[in-house]
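Number of protein chains: 2
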Amino acid sequence: MQQIKTPFFDLIENDLNRVEDLMRASSGDIHLNLDEAIFQLLSSGGKRIRPTLTLLAGAMLETESQKCVTLAAAIEMLHTATLVHDDLIDGAGLRRGNPTLNSKWPVGATVLTGDYVFARAARLAADTGSNDLMKIFAETLMIMVNGEITQLFGSNHKDYRQAYFERINAKTASLFELTTYGIALLNESDETTLQAMRAFGFEIGIAFQIVDDILDFIGVEQMVGKPVASDLRHGLITLPAVLYNETNPADNSLLQIFNGQELDEDEFHALIDKIRESSAIDQAMLEAQEYIATAKQRLIHLPIGLHRDALYELADYIIRRPL
Amino acid sequence: MQQIKTPFFDLIENDLNRVEDLMRASSGDIHLNLDEAIFQLLSSGGKRIRPTLTLLAGAMLETESQKCVTLAAAIEMLHTATLVHDDLIDGAGLRRGNPTLNSKWPVGATVLTGDYVFARAARLAADTGSNDLMKIFAETLMIMVNGEITQLFGSNHKDYRQAYFERINAKTASLFELTTYGIALLNESDETTLQAMRAFGFEIGIAFQIVDDILDFIGVEQMVGKPVASDLRHGLITLPAVLYNETNPADNSLLQIFNGQELDEDEFHALIDKIRESSAIDQAMLEAQEYIATAKQRLIHLPIGLHRDALYELADYIIRRPL
Chain A
1484 MQQIKTPFFD LIENDLNRVE DLMRASSGDI HLNLDEAIFQ LLSSGGKRIR
1534 PTLTLLAGAM LETESQKCVT LAAAIEMLHT ATLVHDDLID GAGLRRGNPT
1584 LNSKWPVGAT VLTGDYVFAR AARLAADTGS NDLMKIFAET LMIMVNGEIT
1634 QLFGSNHKDY RQAYFERINA KTASLFELTT YGIALLNESD ETTLQAMRAF
1684 GFEIGIAFQI VDDILDFIGV EQMVGKPVAS DLRHGLITLP AVLYNETNPA
1734 DNSLLQIFNG QELDEDEFHA LIDKIRESSA IDQAMLEAQE YIATAKQRLI
1784 HLPIGLHRDA LYELADYIIR RPL
Chain B
1484 MQQIKTPFFD LIENDLNRVE DLMRASSGDI HLNLDEAIFQ LLSSGGKRIR
1534 PTLTLLAGAM LETESQKCVT LAAAIEMLHT ATLVHDDLID GAGLRRGNPT
1584 LNSKWPVGAT VLTGDYVFAR AARLAADTGS NDLMKIFAET LMIMVNGEIT
1634 QLFGSNHKDY RQAYFERINA KTASLFELTT YGIALLNESD ETTLQAMRAF
1684 GFEIGIAFQI VDDILDFIGV EQMVGKPVAS DLRHGLITLP AVLYNETNPA
1734 DNSLLQIFNG QELDEDEFHA LIDKIRESSA IDQAMLEAQE YIATAKQRLI
1784 HLPIGLHRDA LYELADYIIR RPL
């Protein structure tokens, strides 16, 4: 697993290990194949950015450590469950450079493994002891799934920018929001703190997804662990494409994709090169930076100290990571 | 919808309508296709036996009515979600005589609709305000999904009887257990009552599944809404087949199915006729009746009155319904 190795990481390394242990803790008598599948899902890693955010937020607000660890595990399990189903639906063969569960297992077993991880996530969320948290936890899953369904059937928005943000709010920002808002709920914070924490997580999440979508364009296949511009290849319009379209409204090849048509390989690669060389990538990065700047403002009245500094560092890390 | 029409039904008819309303209550801004899919899932009915059991148990223990309605809706939504994924996995074309979601929709949309209904169920469970209930709710889903995975990959038990009960305990009895145990948890009942309610629901659930499995053998296709002996056709060994095997251990055609081989149509129909004409069906029915008798004993120290009588009637109804 490639955990984040930066100064702020040291602050929560021990608790992050407790999160890993809690996620892997076997829950009694389950089928061997399921047990192995979950072990592999959790071992294939990821940066654990959501648990990191949860634990730093918890430490800043001095929330009881065991509750923070439990919430972090619940959120990462929820994230893992959605990945299992998303990869199945997208027919993705690789995730973080490793073969996906659906590439090795039949549809049924993959669906059920995702369901089981959902259930484990809900059990962990209940273990926090907060009913308010549990409600928001379930609602977040509803928002995320509705976002996936909207992506599948198409948005009602004709405006590509609006449809893009509608999608990433649901798919990504809502779960980031849950990390910091969840901590504030467990902490029974006052309304001002609740809303500040909520907005911070949400905006960090938007920036994270924008950067992910930039990486899909500028990354090297070996680094991102999947083919370059795989989103656009699948007809998914992300911010760089939206921005390229805003400044080049007459580019026919992009319009063809917008209209659901496929390009031949040469045309497709020419389009990717044009988008990469345009100002769209830099503009998208600027938008991500704006979200990060706004998010950092949200913490201005929250407890000064190592952990708030670390949250600022984490926010900066999100836009720095690919570059 | 074909709700149960018996005297005990009148006692909870109003609350059952509130359960229906709560399940259908739209949860804000969701994609039109998802909204329609959920509406159809809920309209295609079913006997609402789990909500009926929940509401009668709640009335017997004088649990706050709104909590009972919420729990009943949560459990029926959980049940609905598992049906959506199970039908997808089984490739089932019909459910209760209606086309299944997976027969009309792509895999992805079906998986996501199930996920959304899971999330709604968890949200409703959280609305009961009981953290203990929420934990058991999530654990029940874990048990059910693990049961489905065991069915898919095969049990570790070489003993067909043991494997059968292991499967129906997980798939069916655990959710029935949740109805009455959940009410006792919401009611903060003493340990004796908790365990009595828990056992009652569980045993009723086993009997319900045994009768369902009998119906699969003796039912008429038009009545049960799916082809006769569809379980055995799919290699699934249920109690009538287990019992037939116990008294006819040398029957080759059944052993072939036990070994995962397929029979030709004539052989298959001959086997079904032999099982139907054997004592296996009556023996299976006797086992179901024993579970019902034991379950009824569990309530002996619980409040005497209309609602306990109704639970006895409901228990009897479960073994009476097909005959």
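So the sequences go chain by chain: A and B.
All residue numbers for the first sequence refer to the numbering used here, where the first residue is 1484 and numbers rise by one.
All residue numbers for the second sequence refer to the numbering used here, where the first residue is 1484 and numbers rise by one.
Every residue, glycine too, gets a C-beta built ideally from N, C-alpha and C.
Being a predicted model, the structure only gives us computed values, none of them experimental.
Pairwise C-beta distances place the stretch 1575–1590 of chain B in contact with the stretch 1520–1539 of chain B, as three or more of them are shorter than 8 Å. In the structure shown, residue 1577 of chain A adopts extended strand secondary structure according to DSSP, grouped into three states. For the pair residue 1646 of chain B and residue 1558 of chain B, the CB atoms are not nearer than the 9 Å cut-off. Look at residue 1586 of chain B: its C-beta is not under 9 Å from any C-beta on chain A.
Between the stretch 1648–1661 of chain B and the stretch 1626–1637 of chain B there are three or more C-beta pairs closer than 8 Å, enough to call the two in contact.
Taking each of A:1635, A:1798, A:1499 and A:1551 in turn and checking the Cα distance to residue 1691 of chain A, the smallest one comes out for A:1798.
Under the three-state reduction of DSSP, residue 1490 of chain B is assigned to helix.
Between residue 1513 of chain B and residue 1600 of chain B, the CB-CB gap reaches or exceeds 9 Å. Counting C-beta atoms within 10 angstroms of its own C-beta, residue 1589 of chain A has fewer than 16 neighbours from the protein chains shown and is therefore classed as exposed.
Ranked by Cα distance from residue 1735 of chain A, the options A:1751, A:1573 and A:1723 are led by A:1751.
The C-beta separation of residue 1801 of chain A from residue 1725 of chain A comes to about 20 Å, leaving the pair out of contact by the 8 Å criterion.
In terms of beta-carbon proximity, residue 1591 of chain B lines the interface with chain A, with at least one pair separated by less than 9 Å. For residue 1796 of chain A, the nearest beta carbon of chain B is not closer than 9 Å to its own beta carbon. From the listed residues B:1518, B:1803, B:1519 and B:1538, the smallest Cα separation to residue 1497 of chain B is found for B:1538. Judged by their CB atoms, residue 1612 of chain B and residue 1550 of chain B are nearer to each other than the 9 Å cut-off. Within the DSSP bridge table, the entry for residue 1723 of chain B names no partner.
In the three-state reduction of the DSSP assignment, residue 1534 of chain A falls in the helix class, which pools H, G and I.
Here residue 1728 of chain B is near residue 1737 of chain B, since their CB atoms are less than 9 Å apart.
Chain B places no beta carbon closer than 9 Å to that of residue 1685 of chain A, leaving this residue out of the contacts.
Look at the stretch 1734–1763 of chain A and you find these whole runs of alpha helix (DSSP H), each 4 residues long or longer: 1735–1741 and 1748–1760.
Here the alpha carbon of residue 1543 of chain B sits roughly 51 Å from the alpha carbon of residue 1782 of chain A. Contiguous alpha helix (DSSP H) elements confined to the stretch 1634–1707 of chain B occur at 1643–1651, 1657–1669, 1674–1701 and 1704–1707, taking only those with 4 or more residues.
For residue 1601 of chain B, the closest Cβ of chain A is nearer than 9 Å. When the five nearest sequence neighbours on each side are left out, the beta carbons in the same chain lying within less than 6 Å of the beta carbon of residue 1586 of chain A are those of 1576, in order along the chain.
In this structure, residue 1665 of chain B sits near residue 1616 of chain B, with a CB-CB distance shorter than 9 Å. At a cut-off of 9 Å between C-beta atoms, residue 1605 of chain A counts as an interface residue with respect to chain B.
Counting the other CB atoms within 10 Å of its CB gives residue 1503 of chain A a total of 16 or more, which places it among the buried residues. The beta carbon of residue 1754 of chain A lies closer than 7 Å to those of 1736, 1737 and 1746 in the same chain, with the five residues before and after it left out. Between residue 1540 of chain B and chain A, the shortest Cβ-Cβ separation is not below 9 Å.
Residues of chain B with a Cβ closer than 7 Å to the Cβ of residue 1576 of chain A do not exist, since the nearest Cβ in that chain sits about 16 Å away. Residue 1568 of chain A reaches chain B at 1594, 1595 and 1598, counting residues in chain order whose Cβ is nearer than 8 Å.
The beta-carbon of residue 1620 of chain B is placed less than 9 Å from the nearest beta-carbon of chain A.
Between residue 1635 of chain B and the set B:1574, B:1607 and B:1662, the nearest pair of CA atoms involves B:1574. Neighbours of residue 1609 of chain B in chain A, taken as residues at a C-beta separation under 7 Å, are given in chain order as 1614, 1617, 1618 and 1621. Against chain A, the beta carbon of residue 1563 of chain B has no neighbour under 7 Å; the closest one sits roughly 13 Å away.
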